[in-house]
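Position one of the sequence shown corresponds to residue 140 (the numbering used here), numbered consecutively onward. Just so you know, even glycine gets a beta-carbon here, dropped at the ideal spot from N, CA and C. Structure, as structure tokens:
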Amino acid sequence: MNEILAPEKIVEAQPGIAAKHGKRTPILSNRSRLSLTVLLSFLTGLLLTLDGVLITTQSLHRTLAWLTQKPLAVFACALFLTLIMLLLAGVSRSVFAGGLIVSVLLLAASLVDYFKNLIASTPLQISDMGLISKLNNIAQLNSASITFSRNTIIALGAAVAWLVVLALLSGRLRLPWKLSLPSAGAAAALFFLMFIQTTVVNGWCFAPLGAELSATYGQAFVNDRCGVPLGLWRSYLFYHGGYELSEAGLKAAVADAREYINDVADAGSDVQPNVIMILSESFFDVTKLPGVSYAEDPAADFHKACSEGVSGTFYTRTLGYGTCNIELEILTGINNRFLPSDEMLCYWDGEDFEKLSTVPGIFRENGYYTAFLHTFNDDIYNRAPIYSHLGFDDLYFSGDFAKIDPDAAAAEDYWAYLSEKISGEFYSDDYMADLLIELYEQKSADGPVFLYAATMENHTPYKADKYESYDYAFSSGLNEEAQGVLSAFTQGAADASLSLGKLTEYFSACDEPTVIVFFGDHRPGLPLSDGSTVYSALGMCGESNADWRIEELANLYSTDYVIWANDESLLPGEPGSTTDTSSNFIGLDALRAGGMPLDPYWKMVASVKERCTAYTWQYFVSKDGAISSALPEALDSGDARKFEVMTYLIRQALSGDKGEAAFLELE
């Protein structure tokens, strides 16, 4: 007996009728379309993986070498991107939409990682995502360094060409909802199993790649093992691991800490000198550059201050960027090497910093007027909501100088007046010195002052036309572009030195005891258009930071500092002596220079300083200057325990509420 067909079945069964009704017979079955979607998604993941490597390494040879030398990393990264694309393609019913979103995210991450490495010699980190809203401001500040190389154009071109292919095929591969949504669910489930379950992903992926989740590594190391996408994903999983503190371990740490701080001499003094800290943007002693000879000393005033004070190498935590994070480490003593990951302190809430005492807070508690000054606006780091919790009485940014400078207050056009203070695209260091002197004169009548200033004049970009003229000629083997970059930086460093000279000359004539702590926050990146840097051109390091020896890295992650006083009895050593310090400890140095009493937290910081000069995620510097990539095995058990104790106490203090820090038990 013949089956009576439903109308829609009749249409499907008779091609002629289908055409009459405006429908086409499917060329591919749903199963074939699903299979092709999976295949195209994997090919997209593989292409984007190699594209990302090409962008970040800028080497076609090294990119192809990944296929043979790091097959697991290539497969894992491709699978990671494949599953995300399948999820997106399933919920959108478009393989093109899924590929487009994944491509944009992967290429954006790779480009940012490349340019950040080029400018700052440090990779993109998960905590950098907090600066996404400030991307336009950051790009403007670094516009001179953002150029697209041949390899970058090849990678972008390949991605665009592949997206065109996906766009042409997308309509023919569209699945009905009853298949697309389950396929998206299957991709999500597999992604959860393979990349979110930490035991699973560590077992098949991160541990075999040498980046197991249980260990702490710097982002550059992880990216080199896993690639940028998986490197960032590993950091995300690690970052969200939380603080796991054992109650018994914490009690033992408190007991050991009590012994450590008992060995730290109390500071405290009847003398309350004014203390002025100056973070000089990107300053370092350019006369130390190998292969560069200056006709005239561009850092003469800095060198004079060093001969009268205590100076040395200042080890820091970054190269070419991250001023606010360095600042917060200095002002709070919080070394993020004691945290589970390389966190950016500038993304914390202001209340988090109230859990431990701060440098400005201690000065204020001891009767000081405290102020922060910055010759730029607050658009990028958004300091004000954080710094208002650090113990500053006043915060001054570029829009606030009329509160200090009477001429600015009286000016008919405030911004026109300030434009006269610009040198090298930013407000000059000379003007910052004037502001510090003016603020000191306004506030010192009521008691001692603690002033913290962050300059801006010598910020990137460094290009041959940054200044109208250059005062410090030099000879070197650098090419024309590199000479222009170094000339711009040298002029800025010289102006910073001159501003220091203005301050030391002024306070030398003051009766009130005054200490000046002057330091560069980090070296500039000094990138060149061919992907190299002035440093690599001078033979100080290789072009790729992945190839740097640990000694080269520590050298480039250091600047110079000086502690100067108008009364040599306030110095931490003999005039003209040298001793190295770091962003870990210069806040402590300022407290001691000011004769401030130290609470248990800062005594513990001082105790750690007895065993090292610098301890960062990138390197370790012992008290005798030996450099290693981590805590050296040569440390005896007692010294190693001290670092473990500090880790316990810092994590406990920051994971609890205000007033719950175990440091308080040591009072």
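Taking the C-alpha atoms as reference points, what is the distance between residue i and residue j?
i      : j      : result
Asp424 : Ile465 : 19 Å
Glu151 : Ile166 : Unreliable positioning characterises Glu151 in this predicted model, as indicated by a pLDDT of 43, which lies under 50. The coordinate reading is nonetheless provided below. Going by the C-alpha atoms only, they are around 13 Å apart.
Lys578 : Tyr645 : The question names Lys, but residue 578 in the sequence shown is Leu. Cα to Cα, the separation comes out at about 13 Å.
Leu245 : Ser527 : 37 Å
Lys641 : Leu788 : 42 Å
Glu386 : Pro368 : 36 Å
Arg341 : Leu352 : The sequence given here has Asn at residue 341, not Arg. The alpha-carbon atoms of Asn341 and Leu352 are separated by roughly 6 Å.
Leu305 : Gly238 : 7 Å
Leu534 : Asp604 : 33 Å
Glu691 : Tyr754 : 16 Å
Ile240 : Phe331 : 19 Å
Leu557 : Ile258 : 29 Å
Asp669 : Ala359 : 21 Å
Leu144 : Ser174 : Below a pLDDT of 50, predicted positions are generally treated as unreliable, and Leu144, at 42, falls in that range; the measurement from the model is reported next regardless. Their backbone Cα atoms lie some 31 Å apart in a straight line.
Ala204 : Trp372 : 23 Å
Asp405 : Leu730 : 11 Å
Thr164 : Val303 : Bear in mind that a pLDDT of 48 at Thr164, under 50, signals an unreliable position, so the model cannot answer this.
Ile525 : Ser537 : 18 Å
Ala683 : Asp363 : Reading the sequence as shown, one finds Ser at residue 683 and not Ala. When rounded, the distance between both Cα atoms is 11 Å.
Gly366 : Ala621 : 30 Å
Asp518 : Lys542 : 20 Å
Trp756 : Pro479 : 11 Å
Glu806 : Val744 : 15 Å
Gln630 : Leu737 : 39 Å
Thr176 : Leu312 : 7 Å
Gly563 : Trp343 : 52 Å
Phe345 : Thr337 : 10 Å
Per the DSSP calculation, residue i is bridged to which residue(s)?
i      : result
Met416 : Tyr591 and Val656
Asp699 : Thr452
Leu512 : Tyr535 and Ala592
Thr720 : Phe453
Ser767 : Phe759
Pro666 : Thr672
Ala704 : Val654
Since residue i and residue j should fall inside the 8 Å C-beta cutoff, what is the C-beta to C-beta distance between them, to a whole number of angstroms?
i      : j      : result
Phe181 : Ala215 : Contact doesn't hold; Cβ gap of about 12 Å is too wide.
Thr471 : Leu495 : 6 Å
Glu420 : Met595 : 6 Å
Leu179 : Ala323 : Contact doesn't hold; Cβ gap of about 15 Å is too wide.
Ser767 : Ile689 : 7 Å
Asp719 : Gly451 : 4 Å
Phe657 : Tyr611 : Not confirmed; about 19 Å, so no contact.
Tyr520 : Cys485 : 5 Å
Thr426 : Asp436 : 7 Å
Ser242 : Leu187 : 6 Å
Ser374 : Val361 : 7 Å
Ala769 : Ala632 : In fact, because the Cβ distance is near 32 Å, the residues do not count as touching under 8 Å.
Might you give, ordered along the chain, the residues of its own chain that have their beta carbon closer than 8 Å to the beta carbon of residue i, omitting 5 neighbours on each side?
i      : result
Leu695 : Ser260, Leu458, Arg662, Tyr674, Met679, Cys680 and Trp687
Ser446 : Pro714 and Gly715
Ser432 : Phe613, Ser614 and Ser615
Lys602 : Ala283, Gly623, Val624 and Ala627
Ala800 : Lys494, Leu495, Tyr740, Leu788, Gln791 and Ala792
Asp778 : Arg750
Lys255 : Thr261, Pro262, Leu263, Asp267 and Tyr460
Give every residue of the same chain whose Cβ lies closer than 7 Å to the Cβ of residue i, excluding the five residues on either side of it in the sequence, and list them in chain order.
i      : result
Asp544 : Leu574 and Glu577
Gly381 : Annotation note: pLDDT 48 at Gly381 (below 50); position unreliable, coordinate value reported separately. Closer than 7 Å at the Cβ level, and outside the excluded window around Gly381, lies no residue.
Lys560 : Tyr566, Ser567 and Tyr570
Gly798 : none
Ile400 : Pro739, Lys742, Met743, Ser746 and Leu805
Near residue i, what residues of its chain come up, given a Cβ to Cβ distance below 6 Å and the 5 sequence neighbours on each side ignored?
i      : result
Leu185 : Ala217
Phe502 : Thr509 and Phe589
Tyr591 : Met416 and Phe511
Thr653 : Pro412, Asn413, Phe646 and Asn705
Phe477 : Met785, Thr786 and Ile789
Asn141 : Because the pLDDT at Asn141 is just 44, under 50, the model does not fix this residue reliably, and the point stays unresolved.
Phe724 : Lys748
Thr221 : Ser180, Phe181 and Gly184
Indicate whether at least one CB of chain C lies closer than 8 Å to the CB of residue i.
i      : result
Phe422 : You won't find chain C in this structure, because it holds only one protein chain.
For the segment 526-613, list the alpha helix (DSSP H) runs that are entirely contained and at least 4 residues long, ordered along the chain. 545-549, 553-558 and 568-582
Enumerate, from N- to C-terminal direction, the unbroken alpha helix (DSSP H) stretches of 4 or more residues contained entirely within the segment 731-758. 739-748
In chain order, which alpha helix (DSSP H) runs of at least 4 residues are fully inside the segment 427-476? 439-447 and 462-471
Can you give, in chain order, each stretch of the beta strand (DSSP E) that sits fully within the segment 194-239 and has at least 3 residues? none
At 4 residues or longer, and completely inside the segment 312-368: list those alpha helix (DSSP H) runs for me, N to C. 316-330, 337-340 and 358-365
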